[in-house]
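For reference, the structure discussed in these notes is given below.
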Amino acid sequence: MKQAAPTDSIALLDRDMAGKNLSGYWSLGMEGLPPQPMTTVEPCLWKWADVHESLLRAGEVISLEQSERRVVRLVNPGLEERPFATHTLQISFQYVKPGENARAHRHTPAALRFVIQGNGAYTTVNGQKCVMEPGDLILTPKLSWHDHSNESREPMLWLDGLDFPLVQALHQVMQERYPKRRQDIEKGSEEVTDKLGASLRHGMPLADFFHYKWRDTERTLRALAQSPAARDRFDGYLLEFRNPLTGGPTMTTIQCALQLLTPGDETETHRHTSTVIYHVFRG
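Numbers in our numbering are just positions in the sequence shown, counted from 1, shifted up by 10.
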């Protein structure tokens with residue numbers, strides 16, 4: 011005696027569900043998932059000579075009237091057509107010539123500036139004038155108004171870091187121009203730093219903090235390097251830029267740090283799931 015054919019099947023169910031914009035969890039093939047994180051991002055070394063040459067050439071052919079910013083981006087060969095350094099970070103280098111102004115705007119990706127070359131130009135962040143010197147770290151958190159002006163006699167170069175690809179993956183990228191080309195300056199970094207100290211001591215309302223000065227950072231890093239007990243066997247002497255308002259990471263999605271390797275130092279091999287971009291500043 012023959013058994014009656016089933017009136018339903020997995021294939022038929024899958025087909026009918028697809029027509030209703032549904033999908034069964036059984037089709038994911040959980041047994042095929044990797045036992046450890048996988049990525050197409052490749053280790054890559056970008057040489058400063060190549061970056062610098064490209065920036066200077068861009069300075070000859072790109073004006074800040076033609077382009078919102080004059081930047082050269084690091085592109086990871088493992089990301090195919092996506093012009094990013096990693097799947098979560100965009101790293102660029104920006105070049106502003108004497109007399110130029112990069113107009114004010116804001117965007118949802120958070121950004122940082124690490125100054126490489128030049129003195130006297132400034133970034134204005136939400137009305138705060140941040141005069142740039144080599145080694146300074148300047149933050150422009152998400153949706154902060156910012157513009158860059160070079161009123162000095164020498165070109166300015168700095169590293170830009172943004173969480174653009176992460177924000178893009180969340181479908182949250184937007185940009186907005188400021189009503190004027192430049193913001194009005196309301197205060198300076200020194201004033202904000204002074205008020206921050208008083209606020210922390212006396213429980214007063216806290217202002218946003220955007221500017222880590224190299225003179226303060228270097229002094230702290232050198233003091234750290236005087237203590238052998240402070241050396242980490244994986245990273246040497248590592249100084250993190252903490253958010254003074256929260257005590258947490260530099261920004262919600264990006265942690266910044268300085269690393270010092272003393273002569274003859276060799277750290278131990280290690281790995282982690284976080285993505286790291288190193289820029290050689292000195293040495």
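For glycine and all other residues, C-beta sits at the position ideal for the given N, C-alpha and C. Here the structure is a predicted model, which is why all the values come from computation and not from measurement.
With 16 other CB atoms within 10 Å as the buried threshold, where does residue i fall?
{"i": "Gln294", "result": "Any property of residue 294 remains undetermined from this structure, which presents the chain solely from 11 to 293."}
{"i": "Val71", "result": "exposed"}
{"i": "Leu255", "result": "exposed"}
{"i": "His181", "result": "exposed"}
{"i": "Leu55", "result": "exposed"}
{"i": "Gly274", "result": "exposed"}
{"i": "Asn86", "result": "buried"}
{"i": "Asp110", "result": "At residue 110 the sequence reads Glu, which differs from the Asp that was named. Buried."}
{"i": "Gln96", "result": "The residue you asked about is not Gln; residue 96 is Thr in the sequence shown. Thr96 should be labelled buried."}
{"i": "Leu23", "result": "exposed"}
{"i": "Ser37", "result": "exposed"}
In terms of residues, what are the limits of the beta strand (DSSP E) holding residue i?
{"i": "Met166", "result": "Met166 to Leu172"}
{"i": "Ala112", "result": "Asn111 to His117"}
{"i": "Val135", "result": "Tyr132 to Val135"}
{"i": "Arg187", "result": "Gln185 to Arg187"}
{"i": "Ala121", "result": "Ala121 to Gln127"}
{"i": "Phe103", "result": "Gln100 to Val106"}
Pull up the CB-CB distance for residue i and residue j, whole angstroms please, since I reckon it's below 8 Å.
{"i": "Val135", "j": "His156", "result": "5 Å"}
{"i": "Thr277", "j": "Asp245", "result": "6 Å"}
{"i": "Leu89", "j": "Val51", "result": "7 Å"}
Tell me where the alpha helix (DSSP H) around residue i begins and ends.
{"i": "Ser158", "result": "For the sequence presented, residue 158 should be read as His rather than Ser. Here His158 belongs to no alpha helix (DSSP H); instead the beta strand (DSSP E) covers His156 to Ser159."}
{"i": "Val85", "result": "From DSSP, Val85 is part of no alpha helix (DSSP H); its letter is neither H nor E."}
{"i": "Ile20", "result": "Ile20 to Ala28"}
{"i": "Leu153", "result": "Where Leu153 is concerned, there is no enclosing alpha helix (DSSP H), given that its DSSP letter is neither H nor E."}
{"i": "Thr96", "result": "Where Thr96 is concerned, there is no enclosing alpha helix (DSSP H), given that its DSSP letter is neither H nor E."}
{"i": "Leu231", "result": "Trp224 to Leu234"}
Q) Is the segment 235-243 close to the segment 162-175, with three or more CB pairs under 8 Å? A) With a cut-off of 8 Å, the segment 162-175 and the segment 235-243 do not count as touching, because too few Cβ pairs lie within range.
Q | Sequence ranges, beta strand (DSSP E) only - wholly within the segment 249-275, length at least 3 | A | Counting only runs of at least 3 residues, the segment 249-275 fully encloses the following beta strand (DSSP E) elements, listed from N- to C-terminal order: 267-270.
Q) Are there three or more Cβ pairs, one per stretch, closer than 8 Å when the segment 178-192 is compared with the segment 146-161? A) Touching, per the Cβ criterion.
**Q.** Whole alpha helix (DSSP H) elements within the segment 26-79, 4-residue minimum
**A.** 58-71
Q: Could you say if the segment 262-271 and the segment 119-128 meet the contact criterion of at least three C-beta pairs nearer than 8 Å?
A: yes
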